[in-house]
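With the working numbering applied, the sequence shown corresponds to residues 139 to 747, in that order. Even for Gly, the Cβ is constructed at its ideal location relative to N, Cα and C. Note that the coordinates shown come from a computational prediction; the quantities given were computed from them, not determined experimentally. One structure is given here, and the rest of the page talks about it.
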Amino acid sequence: MEEPSATKVRFTRTRAGCLPCKQQKRKVKRAKKTLGESDTEAEGASSSHAEASGQWLADVQHLGWSGPPVDQDGFGCFQAVIQPRAVRDPNTQRRSGRIHIRPNDPGSTTPSIPPSLHSVDRLYLDFFGSRVLEILPGHKRTIYHLLTNPAVKSAALALASANLAMLNGRYQKMLETECSMLWMMDQTHASRACHYRQLALDRVSAHTDPPALIATQLLLTYLSMELGSVADFWLCVSQLDDMLLRFGGVLLSTADGSEIVKACLNARLLMRYFNGPHEVLRPESPKERAIAMLENQVSLPGFDYGIIGAEATQVGLRLLASRCLSDEATSDMASLETASAWLAQAQQIMLGPGEDVDAAAEPLLCEEHQLLQHLLDLGIRLQACQPPSGCPLADSTVLQESFEMLMLLDGGDGGAVGDLLPLFFADHDEAMDNAAYVFAHVMCDVNLIRRHLDPSPEGPSELPLSWLCVSVILLLRIMAGMDPAECARRNKYRVSISSMLTFVSMRCGVSFVYDFIDNFFREMNRSGFTSECPTGPVELFQRLVCTLRREYQKGRRPFLATVAVDAYYSKMSLFSAMSTELVAVQGRDSRGGFFRDVVAMEPPNVDMS
């Protein structure tokens, strides 16, 4: 191919085929005689597109690990591949839909891409930097810097290919029936993910520094959510805990190391919502208590009330489960033992014979009054937390508006869920932080728990018009202002708003919450997304909500529901329509007594209107 002449004006290609670039190209050609001026204009257009592509990437170049040095092998090549198109080398041009790499000019500062870096690797690296790294909780820039390590880079390749395997997945009909749909991820990307995962494990050695070691394990932990099972995720988090206990003191002494610890604790926060049905009845292990102490030593916006919300949810589940399976003659400890045994037996019924349930764990030794006091203490800790930016609970005008909307919904004056005015925030992360903050307030409410525990014969009455109801309305308004497509894309590795609302709907027993969640799932389905929860598909959530609403219409008030999902189910099985058929439900019946039952889940693709 003939090389361009020395007098030819070069321009930086910012985005293939975009109209501003084409216009800028024609302008540069018309200004050949004023070369300096044209270069200035081209540079201006390039910089504006660089900001649109992601300004954080430029800031990353100034980060540095203050601990032991890391291996620099391959970082220059990765940097050249992952940078936005607006700042790529002018020697890279697109012709006929393909990328052609010209030989570097003398004096060029951009390293050439060696032949050893396969085009498939470039695809996954680019996807990881532009899509996967954006949705990972924690300090993304520090993780980006640690990609200089070969083990971390291989783990990043594995996670990127696993994400592409899920994005390119599809449903396939089986057994010539309408409901037997099996979710199949893209096998090519999935096999490459397994290859890169093994490569990451092989590249970890005794000389790998602690930040790179923990970053590798963190990425492989998220990988287990994509290609593995819930049990695999638990195992990876347990291994992550071992590393934190071993290297936590060293890492917390440096700024970058502290950010890695915070990112790992975010993964542990997500794990709290994936415990088994009777895990909340077990005592904490010494390792878990040590990690809890480590959690109290770090500071991260949104992390403190996220931990409080998760812990309050588990304490509430423990209280409700024990009371639902007790009578006046039994002690609190005996009630917990009964609850643990029944939940294990219910899971055995739902899963069928031959499954390992592991129901022999000792229940948590905790009196009911101690758990209620623990909830009160969590509420005090929550009040001491710094509210997120734009918190609606601190705005009297927003609270008054929400109360008026609640009056319309509760009084039957023609108000509907669609009448709720949405709340908007600066970005998606701020909206999710506010949702987590409001969710924690609902879960810490002791009065609501006591209403469920009240053994009065008339049963649970309608939820009173109190600040708790206003908090529920606030959560719905936050949800109304969020884009379901953005939730499906950004909430992949965080506690989803679908999970929050499902817990709130069971805790509060408000019928219109089910309607609102239904509308949310329908909108997400119309957007073409299959999941907003890290491991649960939209259809599974929709069937669960429909089942709860069916029980509610029968006069029951379910405050606990366990989907029959074994810990060893793969994500492919969870996404299959035939994976779950039964739900273990506990709550209060129309006569005020407690009930426990295993009910059939609503069939897939059911009309919930």
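Please determine, among the options, the residue with the shortest C-alpha to C-alpha distance to residue i.
{"i": "Glu505", "options": "Gly386, Gly619, Arg456", "result": "Arg456"}
{"i": "Gly444", "options": "Lys278, Ile635, Ala353", "result": "Ile635"}
{"i": "Asp264", "options": "Ser299, Leu351, Ser669", "result": "Ser299"}
{"i": "Glu740", "options": "Gly725, Arg734, Val721", "result": "Val721"}
{"i": "Ser711", "options": "Arg279, Pro275, Leu320", "result": "Leu320"}
{"i": "Leu559", "options": "Leu510, Ala522, Asn572, Leu612", "result": "Leu612"}
{"i": "Leu520", "options": "Ile446, Gly528, Leu586", "result": "Ile446"}
{"i": "Glu689", "options": "Val648, Leu510, Arg664", "result": "Val648"}
{"i": "Asp259", "options": "Arg279, Ile281, Arg330, Lys278", "result": "Arg330"}
{"i": "Gly730", "options": "Arg279, His333, Met409, Cys462", "result": "Cys462"}
{"i": "Ala699", "options": "Ser367, Cys332, Asp592, Phe641", "result": "Phe641"}
{"i": "Asn751", "options": "Met409, Gln310, Gly528", "result": "No answer is possible for residue 751: the residues shown for the chain start at 139 and end at 747."}
Short check: CB of residue i to CB of residue j, under 8 Å?
{"i": "Phe385", "j": "Pro424", "result": "no"}
{"i": "Phe658", "j": "Met617", "result": "yes"}
{"i": "Asp297", "j": "Phe266", "result": "Asp is not the amino acid found at residue 297; the sequence shown has Leu there. Taking 8 Å as the Cβ cut-off, Leu297 and Phe266 qualify as a contacting pair."}
{"i": "Leu407", "j": "Ala448", "result": "yes"}
{"i": "Pro622", "j": "Glu568", "result": "no"}
{"i": "Ala328", "j": "Val375", "result": "no"}
{"i": "Ala430", "j": "Leu357", "result": "no"}
{"i": "Tyr411", "j": "Val633", "result": "yes"}
{"i": "Thr129", "j": "Ala303", "result": "Summary: the structure shown does not reach residue 129, with the chain confined to residues 139 through 747, and so no result is reported for it."}
{"i": "Gly276", "j": "Glu433", "result": "no"}
{"i": "Leu586", "j": "Arg664", "result": "no"}
By Cβ distance below 8 Å, which residues in the same chain neighbour residue i in space, the five residues on each side in sequence not counted?
{"i": "Gln336", "result": "none"}
{"i": "Pro525", "result": "Leu531, Ala532, Tyr575"}
{"i": "Arg726", "result": "His590, Gly597, Pro598, Arg694, Arg695, Phe697, Phe732, Phe733"}
{"i": "Gly619", "result": "Pro560, Leu561, Phe562, Phe563, Ala569"}
{"i": "Tyr360", "result": "Leu274, Leu297, Ala405, Tyr631"}
{"i": "Ser643", "result": "Val651, Tyr652, Ile655, Val683, Leu686"}
{"i": "Arg588", "result": "Leu510"}
Rounded to the nearest angstrom, what separates residue i and residue j at their Cα positions?
{"i": "Arg381", "j": "Val388", "result": "A small correction: the amino acid at residue 381 is Met; Arg does not occupy that position in the sequence shown. The alpha-carbon atoms of Met381 and Val388 are separated by roughly 11 Å."}
{"i": "Met323", "j": "Ile655", "result": "27 Å"}
{"i": "Arg695", "j": "Leu682", "result": "14 Å"}
{"i": "Arg755", "j": "Ile273", "result": "This structure gives no information on residue 755, because the portion of the chain shown stretches from 139 to 747."}
{"i": "Lys291", "j": "Ser540", "result": "48 Å"}
{"i": "Leu537", "j": "Val610", "result": "11 Å"}
{"i": "Leu458", "j": "Tyr652", "result": "21 Å"}
{"i": "Phe650", "j": "Asp557", "result": "12 Å"}
{"i": "Ser728", "j": "Phe371", "result": "39 Å"}
{"i": "Ala738", "j": "Glu719", "result": "6 Å"}
{"i": "Ile518", "j": "Gly454", "result": "16 Å"}
{"i": "Leu284", "j": "Gly395", "result": "11 Å"}
{"i": "Ala393", "j": "Lys400", "result": "11 Å"}
{"i": "Ala564", "j": "Asp340", "result": "43 Å"}
{"i": "Arg427", "j": "Ser637", "result": "25 Å"}
{"i": "Met545", "j": "Gln508", "result": "35 Å"}
{"i": "Gln310", "j": "Lys709", "result": "15 Å"}
What is the residue span of the alpha helix (DSSP H) that residue i lies within?
{"i": "Thr359", "result": "348-365"}
{"i": "Thr700", "result": "Note, Thr700: premise wrong, no alpha helix (DSSP H); beta strand (DSSP E) at 695-701."}
{"i": "Val676", "result": "676-691"}
{"i": "Tyr575", "result": "566-581"}
{"i": "Tyr411", "result": "From DSSP, Tyr411 is part of no alpha helix (DSSP H); its letter is neither H nor E."}
{"i": "Val258", "result": "257-265"}
{"i": "Glu661", "result": "649-664"}
{"i": "Asn585", "result": "584-591"}
{"i": "His333", "result": "325-341"}
{"i": "Asp370", "result": "368-389"}
{"i": "Asp442", "result": "441-462"}
{"i": "His512", "result": "506-522"}
{"i": "Val290", "result": "288-305"}
{"i": "Cys625", "result": "622-628"}
{"i": "Ser268", "result": "Note, Ser268: premise wrong, no alpha helix (DSSP H); not H, not E."}
{"i": "Thr668", "result": "No alpha helix (DSSP H) contains Thr668, which DSSP labels as neither H nor E."}
Under 7 Å Cβ to Cβ from residue i, same chain only, skipping five residues before and after it: list those, please.
{"i": "Leu514", "result": "Val584"}
{"i": "His345", "result": "none"}
{"i": "Ala450", "result": "Leu513, Leu516, Ala578, Met581, Cys582"}
{"i": "Asp735", "result": "Val723"}
{"i": "Cys402", "result": "Ile352, Leu356, Leu378, Leu382"}
{"i": "Ser669", "result": "Ala626, Pro675, Val676"}
{"i": "Arg308", "result": "Met322"}
Since residue i is in the beta strand (DSSP E), which residue starts that stretch and which ends it?
{"i": "Val633", "result": "Looking at the DSSP string, Val633 is not in any beta strand (DSSP E), and its letter there is neither H nor E."}
{"i": "Gly725", "result": "720-726"}
{"i": "Arg734", "result": "732-738"}
Looking only at its chain, what residues have a beta carbon closer than 6 Å to the beta carbon of residue i, apart from the 5 residues adjacent to it on each side?
{"i": "Leu639", "result": "Ile655"}
{"i": "Ser362", "result": "Asp370, Phe371, Cys374"}
{"i": "Asn301", "result": "Val270"}
{"i": "Gly366", "result": "none"}
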